[in-house]
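This note's numbering runs 1205 ahead of the 1-based position in the sequence shown. We treat Cβ as the ideally placed atom computed from N, Cα and C, and that holds for glycine. Following: one structure in structure tokens, then a few remarks.
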Amino acid sequence: MKVFVVYWHPEPQSFNAAMFRTACEMLAEAGHEVKTSDLHDMHFDPVSSRNNFTSVKDPDYLKLQLEEMHATGMNGFSAEIEAEMEKLEWCELMIWQFPLWWFGLPAVLKGWVDRVFAMGRVYGGGRIYETGVFRGKRALLSLTTGGPEEAYRKGAFNGDITAILRPIHRGMLQFVGFDILAPQIVYGPIRLTDEQRKQHLASYAKRLQEIAHESPIDVGIY
């Protein structure tokens, strides 16, 4: 299986970094092909602009969707963006590894979506959801939270984690055709002992050994 792991965290010694390394090592050990984008190490620019393109259709007024469609027809995406798109198109499974910040994606990972999920190339022309460009591919969110698990249940003060992740699951990944696997969540790793953190990594490694056979989940709609 071809697996693309997109990762962002500012600290290379973080638990997120350990989860990223675990995924890459275990998937390779299981015989899968693995490509990665370590957005922090890449110094990836999250700001969507004319820098997304090698040339623009309208130099006087920037309408990103129109420029994305133009670039799709003219092979006009910048080398940085084209490289990410090619990994996206190549993979059969995509994993995003990140810390949940302010109930969503960190800015750099969200900016990666803004720049790489381009109209014309990744969606558009009726190619959304069940008819999306990436139908048949699967996606997995692997993340950490700051708070404990009990804070992310239905009725708890942070609310149900399923609802928190739905804008990402439904509004980003399913929108472009991905089937969704159950998220891999480690709640409040800073609150855990070293032994508990090791257990979480071992559990994730075990899951990844069989990830090719997992079935998608129903994330619901708004």
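>> Taking 8 Å as the threshold (C-beta atoms), are V1211 and S1242 in contact?
In response: yes
>> I want to check one thing, is the minimum distance from the CB of P1421 to the heavy atoms of the ligand GDP below 7 Å?
In response: Ligands in the displayed structure: none, and consequently the ligand GDP is not present.
>> For the beta strand (DSSP E) containing E1238, name the first residue and the last one.
In response: E1238 to D1243
> Are L1345 and I1373 closer than 8 Å when you measure CB to CB?
Replying inline: no
> When DSSP labels each residue in this structure, what does Q1389 get in the three-state scheme?
Replying inline: strand
>> At the level of alpha carbons, what is the spacing between A1235 and Q1414?
In response: 6 Å
> Which residues does DSSP pair with T1349 in a beta bridge?
Replying inline: P1304 and V1391
> Can you round the beta-carbon distance between M1274 and G1325 to whole angstroms, since I take them to be within the 8 Å contact cut?
Replying inline: 4 Å
>> Can you look up R1402 in the DSSP assignment and give me helix, strand or coil?
In response: helix
> When we look at the beta-carbon of W1307 and count the other beta-carbons within 10 Å, is it buried (16 or more) or exposed?
Replying inline: exposed
> Over what stretch of residues does the beta strand (DSSP E) that includes K1207 continue unbroken?
Replying inline: K1207 to Y1212
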